[in-house]
Amino acid sequence: MEHILVVEDEVQLAALTEDYLKAAGYQTSALHEGTQVVAWVKANQPDLILLDCMLPGKDGISICRELRTFTQVPILMVTAKVDEIDRLIGLEIGADDYICKPCSLREVVARVKSVLRRYALVPQHLTPEREQETQAQALQLDKAKFKATLNGLDLDLTAVEFAMLDILASSPGRVYSRSQLMEAIYRDNRIVSERTIDSHIKKLRKKFTEVQPDYELIHSVYGAGYKLEFA
């Protein structure tokens, strides 16, 4: 049973969120104060964290950054502040997704399920050979080396192509507009056109095709932008 940590200073909301998650088959714990989170995660290693941005003691964004220094546990940020959304859209703080308040608790459960699916572990009953084969099929991103592989083969990406793929892969299924991609990639405020983004996407698709023909990972959404979605 997967263990979800709910970090929310509104006690009643935290309890209601736990009820919905338990009904969906998850084990839950709750914390209501920011300074408790890092030590608790180190001691208990949850499978996912629902982390509110506004917390007493230490804010959620600072907590997320600190957690990313020692764990890759999926983090789903929850925010009610419009001025925080711009920072979360690019997921610059290391979060895996975000939800805006007010939100349906059914949506929260659905988003939790979606994030956990992306982080699903290889079943333990597989043989080591089958486990290696399964892992090799995944898209792997090494941020320290700016290296991406598919089917165990190097995609040979440029730094800009890697950054774009990293953004798209951080939230499979989510649509990013061209302007969002430009702002996240070109942080020096240089002037680039939307055609530049289209060009990078075209090159990414070509490199995917060279590694695995007829396997489309990056999809165009007419009038909206691009998304990465696994088959």
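Residue numbers for the sequence shown follow my numbering, beginning at 179 and rising by one.
We put the beta carbon where it would ideally sit given N, CA and C, even for glycine.
All of these numbers come straight from a predicted model, not from anything done at the bench.
Where residue i falls: helix, strand or coil (DSSP)
i, result
"residue 418", "It is not possible to answer for residue 418, since the shown part of the chain is limited to 179 through 409."
"residue 279", "coil"
"residue 378", "helix"
"residue 336", "coil"
"residue 254", "strand"
"residue 230", "strand"
"residue 291", "helix"
"residue 185", "strand"
"residue 180", "coil"
"residue 347", "helix"
"residue 323", "coil"
Cutoff 6 Å; reference residue i; Cβ partners in own chain excluding five residues on either side
i, result
"residue 304", "Legend: pLDDT at residue 304 = 38, less than 50; position of this residue unreliable, value from coordinates given subsequently. Closer than 6 Å at Cβ, skipping near neighbours: no residue."
"residue 244", "216"
"residue 186", "192 and 230"
"residue 349", "275"
Residue closest to residue i, alpha-carbon to alpha-carbon, out of the options
i, options, result
"residue 400", "354, 205 and 332", "354"
"residue 251", "279, 222, 235 and 278", "222"
"residue 218", "184, 275, 197 and 396", "184"
"residue 407", "351, 197 and 238", "351"
"residue 279", "330, 326 and 258", "258"
Span of the beta strand (DSSP E) around residue i
i, result
"residue 198", "Where residue 198 is concerned, there is no enclosing beta strand (DSSP E), although the alpha helix (DSSP H) it sits in stretches over 189-201."
"residue 398", "396-399"
"residue 405", "403-406"
"residue 207", "205-209"
Residue i to residue j span [Cα, whole Å]
i, j, result
"residue 215", "residue 391", "44 Å"
"residue 387", "residue 191", "46 Å"
"residue 268", "residue 179", "The predicted model places residue 268 with a pLDDT of 43, which falls under 50 and marks its position as unreliable, so this point remains unresolved."
Element boundaries [alpha helix (DSSP H), containing residue i]
i, result
"residue 217", "215-222"
"residue 357", "356-363"
"residue 245", "238-245"
Neighbourhood of residue i by C-beta, 7 Å cutoff - its chain only, sequence neighbours within 5 removed
i, result
"residue 328", "317, 386, 389 and 390"
"residue 242", "229, 253, 255, 271, 272 and 273"
"residue 375", "356, 359 and 360"
Residue-level contact to chain B via CB, residue i, 8 Å cutoff
i, result
"residue 342", "Note that chain B does not occur in the displayed structure, where there is just one protein chain."
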